[in-house]
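Notes for the one structure printed next.
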Amino acid sequence: MEKLAVPGAVAVLVGWLLGRAPVINTHLHFNLYMILPVGGFLVSAALAWIAFQVARALEIPTHGQQVQLGLAACCVLGFAATDYGVYQSTDLPRQLKPDAPVTMVHAADVMSFSDYMAGIRLGASKLKLPAGFKLDAGSEVTTGVYVMDLLGAAGGAWAMLFLMATGLPFCEKCGKYKKPAGSLTIIFRDEDEVKNGHLSIKANLEKGYEAAIAWILRLRADQAGVNSGRYRMHFQELVCAVCSECTLVSTVEKRTGEDWDELTAKKFTATSPVGLGPKLTV
Ligand SMILES: [Zn+2]
Numbered sequence: 004m005e006k007l008a009v010p011g012a013v014a015v016l017v018g019w020l021l022g023r024a025p026v027i028n029t030h031l032h033f034n035l036y037m038i039l040p041v042g043g044f045l046v047s048a049a050l051a052w053i054a055f056q057v058a059r060a061l062e063i064p065t066h067g068q069q070v071q072l073g074l075a076a077c078c079v080l081g082f083a084a085t086d087y088g089v090y091q092s093t094d095l096p097r098q099l100k101p102d103a104p105v106t107m108v109h110a111a112d113v114m115s116f117s118d119y120m121a122g123i124r125l126g127a128s129k130l131k132l133p134a135g136f137k138l139d140a141g142s143e144v145t146t147g148v149y150v151m152d153l154l155g156a157a158g159g160a161w162a163m164l165f166l167m168a169t170g171l172p173f174c175e176k177c178g179k180y181k182k183p184a185g186s187l188t189i190i191f192r193d194e195d196e197v198k199n200g201h202l203s204i205k206a207n208l209e210k211g212y213e214a215a216i217a218w219i220l221r222l223r224a225d226q227a228g229v230n231s232g233r234y235r236m237h238f239q240e241l242v243c244a245v246c247s248e249c250t251l252v253s254t255v256e257k258r259t260g261e262d263w264d265e266l267t268a269k270k271f272t273a274t275s276p277v278g279l280g281p282k283l284t285v
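According to the working numbering, the sequence shown is numbered sequentially starting from 4.
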């Protein structure tokens, strides 16, 4: 857990810097209808992406639930740290006497962070809603919206860490992230073709890693003439540089208009024996 100190601290630091960035810092808590915390989800997912990349560069494992929980907590803290950055860069109007000119002062010079959070950030405010509605909200409402933002941040960080850990596997034995070795894509015309292909690969996987790879290469040869279709399977092999153990990550995508949507239920990963090395590019 203590190894997470560096990626965790980077997530908090980047959050704080985002809070100090002009223009950007006014959109960090963007939400839809005060309930859907889009900003919290996206900002925290971005912090989790950065934290994961730092961990990967330092060969710090980010796999396993406890580690992911710890790192997600750092990302939520990083999202909360944006408010500290905003506090440090906020100016407030001040008028010392009724007829004196209004001057601007740094919020940080006249109040503590906790007073700023309680009195301004979570205080009563006018909320702008879609379609031009404005709402005079009490501090209970702003606090409720803030809590929703934090929950959104937790969801964003968790989703990103899960996604990254699946796509970039870690070799527990050697303490190394596996590196992309080879990849290939097979196109299928319709749902039946892709379903059969998927089932046959999984059936061969029960015979062993190499049998599954051989079947994938055979499927590629069979489908070689198919240049366009509504489905495609993508395979990527990632290899440990020390022990040559490979992880195969397989995804299925469906074409919707111009885009390809991943069918997450069809995603699977498989691990080769140690020393086998990458086989997809053969
Ligand atoms: Zn290894």
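Glycine included, every Cβ here is placed at the ideal spot set by N, Cα and C.
With C-beta atoms as the reference, is residue i less than 7 Å away from residue j?
{"i": "G158", "j": "F44", "result": "yes"}
{"i": "F238", "j": "M167", "result": "no"}
{"i": "A162", "j": "S47", "result": "no"}
{"i": "A273", "j": "L208", "result": "yes"}
{"i": "T284", "j": "P172", "result": "no"}
{"i": "P281", "j": "G185", "result": "yes"}
{"i": "A8", "j": "G81", "result": "no"}
{"i": "R233", "j": "R258", "result": "yes"}
{"i": "K269", "j": "V255", "result": "yes"}
{"i": "M151", "j": "P276", "result": "no"}
{"i": "C174", "j": "E62", "result": "no"}
{"i": "V79", "j": "P10", "result": "no"}
Just the Cα atoms here: how many angstroms apart are residue i and residue j?
{"i": "A83", "j": "A12", "result": "13 Å"}
{"i": "L21", "j": "T85", "result": "6 Å"}
{"i": "E240", "j": "F271", "result": "12 Å"}
{"i": "R23", "j": "P64", "result": "30 Å"}
{"i": "G1", "j": "I204", "result": "Look at the range of the chain in this structure, 4 to 285, and you will see that residue 1 is not part of it."}
{"i": "E196", "j": "T29", "result": "49 Å"}
{"i": "T145", "j": "V108", "result": "24 Å"}
{"i": "W19", "j": "G88", "result": "5 Å"}
{"i": "L72", "j": "E5", "result": "13 Å"}
{"i": "L164", "j": "G67", "result": "10 Å"}
{"i": "K181", "j": "I190", "result": "26 Å"}
{"i": "E194", "j": "E265", "result": "14 Å"}
{"i": "T106", "j": "Y90", "result": "18 Å"}
{"i": "L154", "j": "G228", "result": "48 Å"}
{"i": "A75", "j": "A160", "result": "5 Å"}
{"i": "N34", "j": "Y149", "result": "10 Å"}
{"i": "A214", "j": "C246", "result": "20 Å"}
{"i": "S128", "j": "D139", "result": "6 Å"}
{"i": "I123", "j": "S117", "result": "10 Å"}
{"i": "G170", "j": "I216", "result": "18 Å"}
{"i": "A206", "j": "N230", "result": "26 Å"}
{"i": "H201", "j": "I219", "result": "9 Å"}
{"i": "A60", "j": "P104", "result": "54 Å"}
{"i": "L187", "j": "I38", "result": "41 Å"}
{"i": "R97", "j": "M120", "result": "18 Å"}
Name the one or two DSSP bridge partners that residue i has.
{"i": "H237", "result": "T188 and T254"}
{"i": "F263", "result": "One detail in the question is off: residue 263 reads as Trp in this sequence, not Phe. According to DSSP, which records beta bridges pairwise, W263 is partnered with R258."}
{"i": "D225", "result": "Answer is none; D225 lacks a bridge partner."}
{"i": "A48", "result": "DSSP, once it has assigned bridges, lists no residue as partnering A48."}
{"i": "C249", "result": "V242"}
{"i": "F271", "result": "S253"}
{"i": "L35", "result": "L39"}
Consider the C-beta atom of residue i and the heavy atoms of ligand 3; say whether any pair is separated by less than 6 Å.
{"i": "V144", "result": "Looking for ligand 3 in the displayed structure turns up nothing; the ligands present are ligand 1."}
Does any C-beta atom of chain D lie closer than 7 Å to the C-beta of residue i?
{"i": "C246", "result": "Going by chain labels, chain D is absent from the structure shown, which holds only one protein chain."}
Check the C-beta distance from residue i over to residue j and give it rounded, since I have them as a contact under 8 Å.
{"i": "G126", "j": "S142", "result": "5 Å"}
{"i": "R221", "j": "W263", "result": "No, R221 and W263 are not in contact; Cβ-Cβ is about 24 Å, not under 8 Å."}
{"i": "C243", "j": "C177", "result": "6 Å"}
{"i": "V17", "j": "L50", "result": "6 Å"}
{"i": "L95", "j": "V113", "result": "7 Å"}
Fully enclosed by the region 76-116, which beta strand (DSSP E) runs are 3 residues long or longer?
DSSP runs (the beta strand (DSSP E)) wholly in the region 76-116: 94-97 and 106-109.
Any beta strand (DSSP E) of 3 or more consecutive residues that is wholly inside the region 161-223
182-191
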